[in-house]
Amino acid sequence: MTPAPVIIAVDGRSGAGKTTLAVELAARLRQHHKVSLFHLEDIYPGWNGLMPGIERYVGTVLKPLSQGQAAEWTSWDWEKHYDGGLNVTLPAEIVIVEGVGAAADAARPMLDAVVWVESPGDDRRRRALTRDGSTYEPYWDSWAAQEDEWLSADAVIGAADVRVQNLADGSAPDDVLRALMYLPPVAAILSPELSARRGLQLRSERLEATPDAALLFASLYGKSKNAVWLDSSNASAVAGRSQAAARSRFSILADDGGTFGQSVLHRSGTTQVTAGSATVSTSGPFFRWLDSVWGRRAVRAPRGYDGQFTLGWLGYLGYELKRETGGNDVPSDTPDAALLFAGRAVVLDHREQTVWLLALDAPDAEEWFREARAAVEAAVAALDVAVSVSSGTVPEFVSRDSATDYKRKIADSQHEISEGNSYEICLTTTLEAPAGDLDPWAGYLSLRRRNPAPFASYLRFGELVVASTSPERFLRILSDGGMRAEPIKGTRGRSSDPSEDAALRRDLETSLKDRAENIMIVDLLRNDLSHFAIPGSVTVSRLCAIESYATVHQMVSTIDAHLRPGAPRAEALAAAFPAGSMTGAPKISTMDILDQLESGPRGIYSGAIGYFSLNAATDLAVVIRTLVVNPDGAGGRTLSLGVGGAITADSVADDEYEEIRTKAFGVLSTLGAEFPG
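Read in order, the letters of the sequence shown are residues 47 to 723 in our numbering.
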C-alpha cells in the first residue's frame with residue numbers, strides 16, 4: 047500500500063468542460079508528480095445512472111484510492127448498454143477524479159480539494175453535443191433532470207474550494223492550478239509549482255516623462271474591473287528632500303490584468319482569491335493568509351529605481367480586521383480587506399520627473415510595455431486637455447449620530463476615562479447618503495484637486511469604490527526592515543485670511559490638549575512597533591510637528607524602528623493594526639468601549655490603504671478623509687464618509703463636534719454637500 051494520495055475532484059454539470067480541464071490540469075501536474083486520472087463517465091450504469099454511478103464511484107474507486115490502494119471497478123459498455131470489463135486505477139501522488147458527482151456528499155470526506163466548473167447552459171449543451179454527437183442528444187434533458195435532482199439535495203456547489211467560470215479559451219487549467227496553491231491540503235504537495243511561481247523576474251523600463259496621472263490611469267485602467275491608484279496628489283506642492291516631499295515622491299497605478307493578475311476579498315474569516323477564471327475560498331485569519339503571500343524578498347528593484355514598490359498586492363484593510371488583533375468581531379457591509387495582485391504597474395517618480403514601467407516577465411509582458419509606453423506618451427501630449435469633473439447630483443447626507451447623540455457619547459467616553467478604562471477614545475460617526483447618479487471617478491478628480499494629499503488614493507473593486515485624500519501614514523516597512531509610523535492628532539481648519547490662518551496654526555501648535563492627545567498615541571505606537579523591533583531601535587524623531595494641507599493644519603509625530611531580522615512582517619503589521627490614532631489608548635480596551643459607543647461598523651474607514659511589495663516592503667496610509675461607494679444590495683449604491691476625533695478627560699463637547707465638522711468639510715464641500723443637521 048502506498049501513502050494516501052492528494053485527491054482533487056473536478057465536478058460540474060454536463061458540458062461545462064470538466065474533462066478537458068481535468069486532462070490539462072493532470073498534464074501540468076505530471077511535470078513534477080505522478081498523477082492518476084479517473085473519469086466518472088466510465089462507470090455510470092447507463093443514461094439514467096447518475097445516482098447509481100456516484101454510489102459505484104465512491105465505493106469501488108474513491109474509497110480504495112483514498113487509502114492508497116488500487117481501485118478495481120467495473121466499466122459501463124455504452125454501446126451494448128450493460129456492464130463491461132474489470133478495470134484498475136492505481137493510486138498516485140495526486141489523483142484527479144472528474145465527472146458529474148465527483149464531489150458528491152458521500153465523496154467529500156475523502157477529497158482534498160473540490161473544483162466546481164461553471165458554464166452557461168447553452169454553451170454546455172453545445173459543447174456536450176459537439177463532443178459526443180447525436181449519441182447524447184436524445185438523453186440530454188433526462189440527464190439534466192438527474193443533475194437537477196442531485197443538486198437540489200447536495201450542497202456540492204457551496205462546498206467547492208475552487209469555482210471556475212470556464213470560458214473554453216484555454217485559460218482555466220492554469221487559473222485552477224494557481225488557485226489550488228492557496229489550499230493548504232494541496233499546497234503542501236505543490237512545492238515544485240510554488241517554487242516556480244516564486245522564481246519571478248522583474249522587467250523594467252524608465253521613461254523621461256511627466257504625464258498627467260489622471261489621464262494615464264483612465265487610459266490604462268479606466269475599464270478595468272479592479273484597479274488601484276496610490277496617488278501622491280500633493281506632489282506639485284512640495285519639493286526638495288523634505289519629509290513631506292519624500293512621502294509624496296511616488297504614485298502607483300495598477301490593475302489585476304495579465305498573466306499574474308489576481309484579486310482577493312476577505313470577509314469574517316473567509317479569504318476569496320480570484321485568479322483569472324478561477325476563484326478559491328479558504329478559511330482562517332486574514333493576517334495569516336497575508337503572511338503566506340507576502341513578507342519574503344521575491345524580486346530585486348531595478349538599478350536606478352529608488353521606489354520601494356516592486357509589484358505585489360495593493361488595496362485596503364478594513365477596520366473590522368481588528369477581530370484578529372484583540373478587538374471584537376463586528377460584521378461590515380464592505381469586505382474586511384480587498385487587494386489586487388499587480389504583475390505589472392506604472393510608477394511615477396515626481397521628484398525625478400520620470401515614469402517606471404514594471405512587469406513580471408511573462409508571455410504578455412512585451413505587449414503590455416508597448417501599450418503602457420503609448421499611454422504615457424498620450425498622457426504627456428494631452429496635458430493641456432481639461433478633464434471633466436462633473437460628479438452628478440449633490441448627495442444629501444444623514445449622520446449615524448445627531449449632534450445631541452454625538453455629544454452624549456463624548457460624555458460617555460469621558461466617563462469611561464474617569465473610571466480608568468481608557469486615557470483617550472477616538473470616537474467616530476458615519477455620514478451616509480444615496481449615491482444616486484454620482485460618478486465616483488469624477489468625484490475623486492474633484493477631491494484630489496481641492497484636497498491634495500500625500501496618501502490620496504482611488505480604489506475600484508467591481509462596484510465598490512474608495513476615494514481617499516488621506517494625509518496620514520499608518521505604517522511603512524522598508525525592504526531592509528526600517529519601520530516608520532506618522533500619527534496625526536490635532537486639527538484646525540484653514541482660513542483664507544493669512545493672519546487668521548497663522549493664528550489657527552499657532553493655536554494648534556501651543557494647544558496642551560492636542561499635544562497630550564498626540565503624545566498618548568506616540569506612546570501607543572512605540573509599544574506597537576516594539577513587539578517586533580530590534581531592542582533599542584524605537585525612537586521618536588519628530589514630536590508634535592505642524593503640517594499644513596489645503597483645508598486643515600495637522601499635528602504630526604514620527605516614530606521610527608527597525609524590524610528584527612527574520613521577524614514575520616505580516617505579524618508586525620498586525621501588532622500595530624488598527625492605527626492607534628483611530629482607536630485611542632490603551633488600544634484593546636478602548637476598541638471594546640468604541641464598539642459599545644458607536645452604532646455600527648466603521649468598515650473601510652479607520653483601516654489602511656497601500657501596498658505589500660514583492661521585495662517585502664509595505665507602505666500604508668490611515669483611511670481618513672475618504673468616500674466609499676458601495677452597492678446597497680437592492681440595486682442602488684450607498685455613499686459614506688467616516689469622521690471622528692480623540693476624546694480626552696478635558697475635551698469640550700462643542701469643540702469636539704466642531705472638529706468633526708471641520709474634518710468633513712474638505713470632502714463634503716467638494717461634492718457641494720453640507721454636514722447634516
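In this text, a Cβ means the ideal position worked out from N, Cα and C, and glycines have one as well.
Just so we're clear, the structure is a prediction, and the values are computed from it rather than from any experiment.
Counting along the chain, the unbroken alpha helix (DSSP H) around L491 starts and ends at P486 to R496.
For V602, the enclosing beta strand (DSSP E) has its first and last residue at V598 to H608. Only residues of its own chain outside the window of five on either side were considered, and among them P624, R648, S652 and G653 have a CB closer than 6 Å to the CB of Y365, listed in chain order. In the DSSP assignment, P677 is bridged to R683. DSSP, read as helix, strand or coil, puts S323 in coil. Assignment of beta strand (DSSP E) within the stretch 344-384, counting only whole runs of 3 or more residues, yields 358-363 in chain order. Pairing W162 with M97 gives a Cβ-Cβ distance that is not under 8 Å. E254 is not a Cβ neighbour of F415, given a cutoff of 8 Å. Residue pairing from DSSP leaves W196 without any beta-bridge partner. Just so you know, the alpha carbons of E370 and F332 end up roughly 8 Å apart. The bridge partners DSSP lists for G656 are G361 and L666. If you draw a 10 Å sphere on the C-beta of R173, you find 16 or more other C-beta atoms in it, and that means buried.
Judged by beta-carbon spacing, T106 lies within the 8 Å limit of A117, meaning their Cβ atoms are closer than that value.
Here R102 has I89 as same chain residues with Cβ atoms under 6 Å from its own Cβ, once five neighbours each way along the sequence are excluded. According to DSSP, A388 shares a beta bridge with G358. In terms of CA proximity to S282, D258 leads the group D258, V274 and E705. Of the other Cβ atoms in all chains shown, fewer than 16 fall within 10 Å of the Cβ of V134; this residue is therefore exposed. For H79, the closest of V141, G58 and P91 by C-alpha to C-alpha distance is V141. The continuous beta strand (DSSP E) containing D301 extends over residues F296 to D301.
Rounded to whole angstroms, the separation of the alpha carbons of A680 and P480 is 12 Å. C-alpha of R588 to C-alpha of R572: approximately 13 Å in a straight line. Residue environment for T356: buried (at least 16 other C-beta atoms within 10 angstroms of its C-beta). In terms of Cβ geometry, T716 and N497 form a close pair [threshold 8 Å]. Comparing C-alpha distances from V160 to each of D187, A225 and D123 shows the shortest one belongs to A225. Per DSSP, D553 lies in no beta strand (DSSP E); the unbroken alpha helix (DSSP H) holding it starts and ends at P544 to E555.
Of the other Cβ atoms in all chains shown, 16 or more fall within 10 Å of the Cβ of G688; this residue is therefore buried. Beta-bridge pairing by DSSP links H312 to T317 and A383. A distance below 7 Å between beta-carbons, with the five flanking residues on each side excluded, links G718 to the following residues of its chain, in chain order: V440. A direct Cα-to-Cα measurement between A138 and S82 gives close to 6 Å.
Burial of E478 is indicated by the presence of at least 16 other C-beta atoms within 10 angstroms of its C-beta. Taken atom to atom, the span from the alpha-carbon of E644 to that of P377 is near 14 Å. Of the residues assessed, S697 falls on the buried side of the cut-off, its CB having 16 or more other CB atoms within 10 angstroms. Remark: C-beta atoms of E555 and P533 do not approach each other more closely than 8 Å. Taking C-alpha positions only, R154 is separated from I523 by approximately 42 Å. Contact annotation, G691 with I670: C-beta distance approximately 11 Å; criterion of less than 8 Å not satisfied. Taken through DSSP and simplified to helix, strand or coil, H85 comes out as strand.
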